[in-house]
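2 protein chains.
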Amino acid sequence: MAKIRSKKNSSKKDVIIEKASKLFREKGFGAASMRDLAEHVGVEAASLYNHIQSKSEILQAICFKVANDFLSHLEAVQSAPESALKKMELIIRFHIRMMMDQYEYVYISDHEWRHLPEPYLSNFLNQRRNYRRSLSDLIARGIDRGEMKNIEPYVAVLTLLSAISGIESWHRSRKIIPPDVLEDNMVKYLIEGLKK
Amino acid sequence: MAKIRSKKNSSKKDVIIEKASKLFREKGFGAASMRDLAEHVGVEAASLYNHIQSKSEILQAICFKVANDFLSHLEAVQSAPESALKKMELIIRFHIRMMMDQYEYVYISDHEWRHLPEPYLSNFLNQRRNYRRSLSDLIARGIDRGEMKNIEPYVAVLTLLSAISGIESWHRSRKIIPPDVLEDNMVKYLIEGLKK
DNA sequence: AGATAAAACGAACACTCGTTAGTAAAATTC
DNA sequence: GAATTTTACTAACGAGTGTTCGTTTTATCT
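Structural data, given as structure tokens:
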């Protein structure tokens with residue numbers, strides 16, 4: 010019954026997914042081979058299939074973990090007693106933090122979801138669409154209440170989200186600009202553009 | 010001496026690159042095969058090699074065309090007699106326009122440059138780094154002259170550029186939000202976040 | 001300890017990949 | 001119209017793909 014734990018509480022499957030996330034980000038899902046991955050795990054390619062079912066199962070695990078993290082946080086924020094503007098700031102900060110703490114995972118979820126097989130692809134896109142719609146609604150409410158300037162909500166959401174996902178470029182120059190400086194500056198920029 | 014022109018002034022090589030840009034965007038460079046491309050061009054895969062030298066030559070052509078377009082425009086703006094803020098607005102608008110008019114090309118240049126072979130990869134990254142540094146300098150000057158709020162210039166550049174590159178998500182909902190509305194709203198958002 | 005389950009292995013399968021060689025068809029030049 | 005160049009074709013190569021098979025090694029449980 011008991012499973013092998015390679016280190017602490019992580020199963021070998023978790024190790025595989027973690028190594029894969031680094032590899033998928035570096036080379037892209039398509040260009041990263043199972044033999045590549047196996048070498049990083051320290052095992053032969055065939056042995057991987059004792060722990061996973063397919064290459065794309067790894068991608069699914071990564072993409073949906075990220076999607077669920079964002080969705081959970083959104084729901085928590087939505088039911089909080091804050092202004093729409095403050096809620097947006099919380100969400101923006103969460104996105105930035107996720108981008109910094111779970112860089113590989115978020116990056117892959119952002120860039121490699123195309124390679125998801127059906128029906129997971131449609132599922133993923135549906136979830137993303139709903140998430141964005143919720144953010145749009147939040148901004149629309151902020152405008153109605155006079156907290157935000159009269160901007161097209163969906164455009165604002167698009168601008169916001171892609172601005173944040175661009176932190177990937179920063180990841181290599183993190184010595185020059187420390188994380189908290191980056192976060193505060195981005196929030197300043199992005200929230201200021203929303204304020205009335 | 011005279012070459013065949015498939016349509017108007019475009020050589021067959023141009024046709025191949027154009028079809029490839031659509032394919033590379035849809036499937037990604039790695040997942041798009043030469044046989045795929047050949048089918049879209051209406052020819053056998055081997056025949057492509059009468060017009061191009063390799064698959065990655067196509068990628069090079071696309072990436073460097075886009076990079077040069079942006080660089081040319083930047084140099085033109087730099088020598089114009091405008092305020093730093095106005096210059097930034099011109100650049101932002103140009104980026105948005107490029108994203109709308111040359112969607113496939115810009116998208117590929119943004120997302121598939123990783124697959125460039127050396128030494129083109131290093132070349133490309135150098136060019137991009139210089140471009141971003143120029144934008145940073147422009148913003149720094151805007152801050153010095155009191156036109157912009159005191160924000161970390163490099164963070165602002167990162168935020169700006171990636172916000173714009175996110176228009177890709179909008180491309181499918183262009184019926185709901187017309188191009189000029191998108192452009193004006195994005196400019197409003199992004200410039201407002203810069204203003205003092 | 002022996003029995004049982006889990007994990008690793010080498011080899012192979014059935015493909016697909018970018019690309020090349022050799023040749024036939026088509027277009028251009030003279 | 002013949003000669004020449006350009007383009008497209010079929011066939012194939014060698015390498016790499018994700019994955020499966022049958023077996024052996026390793027770990028866990030009684």
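One line per chain: the protein sequences are A and B, in this order.
Just so you know, this note's numbering puts the end of the first sequence at 205, numbered straight through with nothing missing.
Just so you know, this note's numbering puts the end of the second sequence at 205, numbered straight through with nothing missing.
All residues carry an ideal CB built from backbone N, CA and C; glycine is no exception.
CB contact flag (residue i, residue j, <7 Å)
i, j, result
"residue 25 of chain B", "residue 60 of chain B", "yes"
"residue 162 of chain A", "residue 145 of chain A", "yes"
"residue 196 of chain A", "residue 101 of chain A", "yes"
"residue 71 of chain A", "residue 114 of chain A", "yes"
"residue 76 of chain B", "residue 147 of chain B", "no"
"residue 199 of chain A", "residue 169 of chain A", "yes"
"residue 45 of chain A", "residue 57 of chain A", "no"
"residue 171 of chain B", "residue 182 of chain A", "no"
"residue 36 of chain B", "residue 50 of chain B", "no"
"residue 188 of chain B", "residue 109 of chain B", "yes"
C-beta neighbour in chain B for residue i, strict 7 Å
i, result
"residue 195 of chain A", "yes"
"residue 179 of chain A", "yes"
"residue 112 of chain A", "no"
"residue 12 of chain A", "Caution is warranted here: a pLDDT of 44 is assigned to residue 12 of chain A, below 50, making its placement in the model unreliable, and the coordinate value is therefore given only provisionally. Not an interface residue."
"residue 151 of chain A", "no"
"residue 156 of chain A", "no"
"residue 191 of chain A", "yes"
"residue 98 of chain A", "no"
C-beta neighbour in chain A for residue i, strict 7 Å
i, result
"residue 83 of chain B", "no"
"residue 75 of chain B", "no"
"residue 171 of chain B", "yes"
"residue 117 of chain B", "no"
"residue 127 of chain B", "no"
"residue 160 of chain B", "yes"
"residue 167 of chain B", "yes"
Where the alpha helix (DSSP H) through residue i begins and ends
i, result
"residue 52 of chain A", "Where residue 52 of chain A is concerned, there is no enclosing alpha helix (DSSP H), given that its DSSP letter is neither H nor E."
"residue 135 of chain B", "129-153"
"residue 162 of chain B", "162-174"
"residue 34 of chain B", "21-36"
"residue 126 of chain A", "Counting along the chain, residue 126 of chain A falls outside any alpha helix (DSSP H), and DSSP gives it neither H nor E."
Proximity winner among the options, relative to residue i (alpha-carbon distances)
i, options, result
"residue 157 of chain B", "A/202, A/108, A/179 and A/157", "A/202"
"residue 173 of chain A", "A/187, A/138, A/95 and A/105", "A/105"
"residue 63 of chain A", "A/132, A/126, A/83 and A/73", "A/126"
"residue 204 of chain B", "B/191, B/186 and B/160", "B/160"
"residue 91 of chain B", "B/177, B/150, B/191 and B/23", "B/150"
"residue 38 of chain A", "A/83, A/124 and A/27", "A/124"
"residue 120 of chain A", "A/21, A/34 and A/42", "A/34"
"residue 30 of chain B", "B/153, B/74, B/179 and B/55", "B/74"
Legend entry - Ordered list of alpha helix (DSSP H) runs contained in the stretch 41-121 of chain B, each at least 4 residues: Positions of the alpha helix (DSSP H) runs, each at least 4 residues long and wholly inside the stretch 41-121 of chain B, are given as 43-50, 64-87, 93-110 and 112-120 in order along the chain.
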